[in-house]
Amino acid sequence: MVTLKKFDNGFAYIEIQNLNAVAKIALQGAHIFEYKRSNGEDILWLSDKSDFEEGKAIRGGVPICWPRFGSFDSALPPHGFARTMLFTFLGAKEIDEGRTVVSFKLQDNPQSREIWEYKFELEVNFIIGDTLEIELKTTNKDDKEFMITQALHSYFNVSEINNVKILGLEDKPYLDTLTNKEELQKGEIFFDKEVDRVYQDVKNEIVLADNLKELHLNAVGSSSAIVWNPWIDKCARMSAMDKEAYREFVCIESANAQEDFRIVCAGESHALNLTIE
Ligand code: TA6
Numbered sequence: 542m543v544t545l546k547k548f549d550n551g552f553a554y555i556e557i558q559n560l561n562a563v564a565k566i567a568l569q570g571a572h573i574f575e576y577k578r579s580n581g582e583d584i585l586w587l588s589d590k591s592d593f594e595e596g597k598a599i600r601g602g603v604p605i606c607w608p609r610f611g612s613f614d615s616a617l618p619p620h621g622f623a624r625t626m627l628f629t630f631l632g633a634k635e636i637d638e639g640r641t642v643v644s645f646k647l648q649d650n651p652q653s654r655e656i657w658e659y660k661f662e663l664e665v666n667f668i669i670g671d672t673l674e675i676e677l678k679t680t681n682k683d684d685k686e687f688m689i690t691q692a693l694h695s696y697f698n699v700s701e702i703n704n705v706k707i708l709g710l711e712d713k714p715y716l717d718t719l720t721n722k723e724e725l726q727k728g729e730i731f732f733d734k735e736v737d738r739v740y741q742d743v744k745n746e747i748v749l750a751d752n753l754k755e756l757h758l759n760a761v762g763s764s765s766a767i768v769w770n771p772w773i774d775k776c777a778r779m780s781a782m783d784k785e786a787y788r789e790f791v792c793i794e795s796a797n798a799q800e801d802f803r804i805v806c807a808g809e810s811h812a813l814n815l816t817i818e
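Counting with this note's numbering, you get residues 542 to 818 for the letters of the sequence shown.
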């Protein structure tokens, strides 16, 4: 079942229910902010303090950072503009009783052209089932090429940050954005301080291990990933986040970031696909 719903302030989202899962996706940013499996697993973290307000990014779920990841381009807002723009809901289709495809689209508009001159189409397709699949497809509708960096800035629920290990990034080079130094990952990643890193050469599965549970992330069209947890001090300074919230989530973001930027030629497309299982 697919239903258009609204919060009291008019903020609209699509709710999808099938045999395997329930999901909620806001029209603003084509932002999935809930994905619960019917076995009770609540995969995506969402801040209790999250705003569902036009023009403000939702804190949690999977914000779409596009056409920039980060804030390296002064003309554009941090993490780009897609996450605060209203997408068009293209429709939904049930593949079977347990899997539903849902699609959204954003096109260039006067507001986007003011800060980013290009004509584009950004399509976001979800498959909601016992796995969550997200496709981010950029099409260049202009007559000149453009460059994008992007990320599926996924916030994952964890039992407690001290229980978490991330596997699959061993021996990968990364930029530590806290020190601005290039480093090499030694062993698995665990958390006992703020971590904000952009990994390169990521063409394999990443595993989020939390006690006995595991989430497996596989991306296509991406060879970079960001791992982030704000830890105590940054968490206390962050908008729409409780001061203890850093204990409850970790971000693992499938991306095209830093040297994994992509040039999209006129008339061509680039797709970034992520499967979470
Ligand atoms: O992906 C990590 C990061 O870029 C961090 O540096 C961090 O501050 C974060 O994303 C959240 O950014 P936001 O703009 O949503 O507050």
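Idealized CB from N, CA, C, for every residue including glycine.
- For Asp737, the Cβ falls inside the 6 Å cut-off from some heavy atom of ligand 1.
- Here the distance from the Cβ of Trp769 to the nearest heavy atom of ligand 1 is below 6 Å.
- With a threshold of 6 Å, the Cβ atom of His757 does not count as near ligand 1, since no heavy atom of the ligand is closer than that.
- Ranked by how close their Cα comes to the Cα of Val761, the residues Leu677, Glu711, Val791, Asp717 have Leu677 in first place.
- In the DSSP annotation of this structure, Trp607 is not part of any beta strand (DSSP E), being labelled neither H nor E.
- DSSP lists Phe630, Val665 as the beta-bridge partner residues of Phe645.
- Around the beta carbon of Ile605, a 10 Å sphere encloses 16 or more other beta carbons of the protein chains shown; the residue is thus reported as buried.
- Annotation: Lys590 to Ile599 spans about 9 Å, alpha carbon to alpha carbon.
- Residue burial is scored here from C-beta neighbours: Gly570 has at least 16 other C-beta atoms within 10 angstroms and is therefore classed as buried.
- Under the three-state reduction of DSSP, Tyr740 is assigned to strand.
- By the neighbour-count criterion, in which a residue is buried when 16 or more other Cβ atoms sit within 10 angstroms of its Cβ, Gly621 is buried.
- According to DSSP, residue pairing for Trp772 in a beta bridge does not occur.
- Taking the Cα of Glu594 as reference, the smallest distance to any Cα among Val768, Glu818, Gly551, Met688 is reached at Gly551.
- For Thr672, the closest of Tyr576, Glu664, Leu587, Lys754 by C-alpha to C-alpha distance is Tyr576.
- Ranking Lys784, Glu818, Asn704, Ile804 by CA distance to the CA of Ile747 puts Glu818 first.
- The C-beta distance from Lys547 to Glu556 rounds to 11 Å, too long to meet the 8 Å contact threshold.
- Distance check between Leu560 and each of Leu617, Phe630, Arg803, Ile636 places Ile636 closest, using alpha-carbon atoms only.
- The beta carbons of Phe645 and Phe661 sit about 14 Å from each other, so the pair does not count as a contact at 8 Å.
- The beta carbon of Ile767 lies closer than 8 Å to those of Phe610, Ala692, His694, Asp737, Arg738, Val739, Tyr740, Cys792, Ile793, Glu794, Ala796, Ala798 in the same chain, with the five residues before and after it left out.
- A distance below 6 Å between beta-carbons, with the five flanking residues on each side excluded, links Ile669 to the following residues of its chain, in chain order: Ile557, Ala562, Ala564, Thr641.
- For His572, the distance from the CB to the nearest heavy atom of ligand 1 is not below 6 Å.
- DSSP places Arg654 in the uninterrupted alpha helix (DSSP H) bounded by 651 to 656.
- Taking the CA atoms as reference points, Lys775 sits about 15 Å from Ile702.
- Each residue's CA atom was taken as its position, placing Glu785 and Gln648 some 38 Å apart.
- Residue state for Tyr696 is assigned as strand, using DSSP reduced to three classes.
- For Phe687, the enclosing beta strand (DSSP E) starts and ends at 687 to 689.
- Runs of the beta strand (DSSP E) lying entirely within the region 567 to 625, each at least 3 residues long, are 572 to 578 in chain order.
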